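Protein chains: 2
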Amino acid sequence: MELLKEKILQKAHIKSDNILRVDSFLNHQMDIKLFNEIGKEFFRLFSDCDINKILTIEPYGTGIACIAAQYFGVPVVVAKRGEQLYISGDVYTTKVRSVARDTSYDIAVAKKFLHRDDRLLVLDDILSGGNDLQGLLDIIQTSGATLKGVGIVIEKAFSGGGKRIRDTGIRVESLAIIESMDKINGIKFKEE
Amino acid sequence: MELLKEKILQKAHIKSDNILRVDSFLNHQMDIKLFNEIGKEFFRLFSDCDINKILTIEPYGTGIACIAAQYFGVPVVVAKRGEQLYISGDVYTTKVRSVARDTSYDIAVAKKFLHRDDRLLVLDDILSGGNDLQGLLDIIQTSGATLKGVGIVIEKAFSGGGKRIRDTGIRVESLAIIESMDKINGIKFKEE
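If you read the protein sequences in the order shown, they are chains H and U.
In terms of the numbering used here, the first sequence opens at residue 1 and continues consecutively.
In terms of the numbering used here, the second sequence opens at residue 193 and continues consecutively.
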């Protein structure tokens, strides 16, 4: 998606060889006009998949998922992370390892919001090592719902999560795929 | 807002005299058609305020703020809560007391996203005791930005936060104001 790649080149900041700051347009300040174009692009990619629900994970997937959901005309379910104080009743949970923080946390979705006849699109902002995403996929599998595909705004291909998940046969569509980045050479996108 | 009140009466669940579960349409599963109507209503209320940015707090304000921001044509800034691992550079922070969890946490906004000439609308999903909201207002005051108003989806008037903040002269518009609730008598809204 050219508009997104231009925005990344203009506004993203390489903090280290592994960390890309996108806080000026994606996950701290949110450029809603860009979000609308992202939402339309996800709809273009997945409009033939008969999606009835979008699943994402807090906190950073929520905005993208809500904007995209308007084009699909479906509700969003936001998986919770960490303590589960405000989830009542039965939940699907799984443990996820955070590489950045060298710790683990739980993610959870109330069972009443995932059903066997659901046809899910998973959306998230960033795909790196894929641990969060794998956690969501584990929850979907346990619930018996059907995963129709995964939409990602920015994939860091060099972190390997996208390849690992595609190798299991899951359709992953990333709107910008970064093949390499460093402070000297900058950001190199995967050729389409 | 009648549509919202009907949804609350149909779908919200009084867990105790103080806790209202709205997880089936507002903060775990999100009813995006309802969010659109909420966004339009906030725009109707604040369209004459020359808003240039919406400020909210993660995780539950994000979806509402992103949907509403489309009508205003402005970006969203999402205040972060807890650890600040992914915020770079200078931040405005303040400490907020969580009554529900009997603990405190930090909320933070990167200084580069709040300026003296900003004209802010603060949006959030629920207003109870008002501690989160007060934290946001403290950050705005420190930044020197102008607060044009506060929009809340559901206010629990009996918790007192709304009155306390309105008493300081701030305009707070809540789309549904619950005056009382308990399992026997159900939910009573404030008369308009």
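Using N, Cα and C, we set each Cβ at its ideal position, and we do this for glycine too.
No experiment lies behind these values; they were computed from the predicted model shown.
Contact check between the stretch 100-107 of chain H and the stretch 153-160 of chain H: fewer than three CB pairs, one atom from each, fall below 8 Å, which does not count as touching. Relative to SER47(H), the option among GLN70(H), PHE25(H), ARG81(H), HIS13(H) whose CA is nearest is GLN70(H).
Taking 7 Å as the Cβ-Cβ cut-off, the stretch 53-66 of chain H approaches chain U at GLU58, PRO59, THR62, GLY63, CYS66, given in chain order.
Residues of the stretch 117-151 of chain H that bring their beta carbon within less than 7 Å of a beta carbon in chain U are absent altogether. In the three-state reduction of the DSSP assignment, LEU325(U) falls in the helix class, which pools H, G and I. The stretch 76-164 of chain H contains, as complete alpha helix (DSSP H) runs of 4+ residues, the segments 131-143 (chain order). Secondary structure at PHE46(H): helix, using DSSP grouped into helix, strand and coil. By the criterion of at least three beta-carbon pairs nearer than 8 Å, the stretch 35-51 of chain H is not in contact with the stretch 231-238 of chain U. Per DSSP, GLY63(H) lies in no beta strand (DSSP E); the unbroken alpha helix (DSSP H) holding it starts and ends at 61-72. Of the candidates SER180(H), LEU34(H), ALA68(H), ALA12(H), ALA68(H) places its Cα closest to the Cα of LEU121(H). Residue pairing from DSSP places MET222(U) in a beta bridge opposite VAL76(H). LYS148(H) and VAL269(U) have their C-alpha atoms spaced approximately 31 Å apart.
For LYS380(U), the closest C-alpha among the options LEU196(U), LEU195(U), LEU201(U), MET193(U) is that of LEU201(U). Contact annotation for ASN228(U) against chain H: GLN70 [CB-CB distance below 9 Å, chain order]. Leaving aside the five residues that flank SER128(H) on each side, the residues in its chain whose CB is nearer than 7 Å to its CB run, in chain order, LYS156, SER159, GLY161. By alpha-carbon distance to GLY135(H), the top candidate from ILE51(H), ARG164(H), LYS95(H), ILE184(H) is LYS95(H). Note: LYS11(H) is not bridge-paired with any residue in the DSSP secondary-structure output. Only residues of its own chain outside the window of five on either side were considered, and among them ALA204, HIS205, LYS207 have a CB closer than 7 Å to the CB of ARG213(U), listed in chain order. Proximity of chain U to ILE32(H) at the Cβ level (cut-off 7 Å) is accounted for by CYS258, ALA261, GLN262, PRO267, VAL268, in chain order. Against GLN10(H), chain U offers no close residue; the least beta-carbon distance is about 15 Å (beta-carbon pairs closer than 7 Å). Cα atoms of ILE246(U) and LYS272(U): separation of roughly 14 Å, rounded to the nearest angstrom.
Within the same chain, and ignoring the five residues on either side of ILE331(U) in sequence, the residues whose Cβ sits closer than 6 Å to its Cβ are TYR284, THR286, VAL301.
Taking a Cβ-Cβ threshold of 8 Å, none of the residues of chain H is close to ASP359(U); the smallest such distance is about 28 Å.
For HIS28(H), the closest Cβ of chain U is nearer than 8 Å.
Counting only the Cα atoms, ARG311(U) lies some 44 Å from ALA145(H).
Taking all protein chains shown into account, HIS220(U) has 16 or more neighbouring C-beta atoms within 10 Å of its C-beta and is therefore buried. Restricting attention to THR62(H), ASP117(H), LEU123(H), GLU58(H), the CA atom closest to the CA of ASP106(H) is found in GLU58(H). Using a CB distance cut-off of 8 Å, ASP374(U) does not count as an interface residue toward chain H.
The beta carbon of ASP17(H) sits no closer than 8 Å to any beta carbon of chain U.
Residue pairing from DSSP places ARG21(H) in a beta bridge opposite HIS13(H). LYS53(H) is bridged by DSSP to LEU120(H). For the 8 Å CB-CB criterion, THR56(H) and LEU123(H) form a contact. Rounded to whole angstroms, the gap between the alpha carbons of ILE170(H) and ASP132(H) is 15 Å. Looking at THR62(H), GLN141(H), ASP125(H), ILE126(H), the one whose alpha-carbon comes closest to that of ARG116(H) is GLN141(H).
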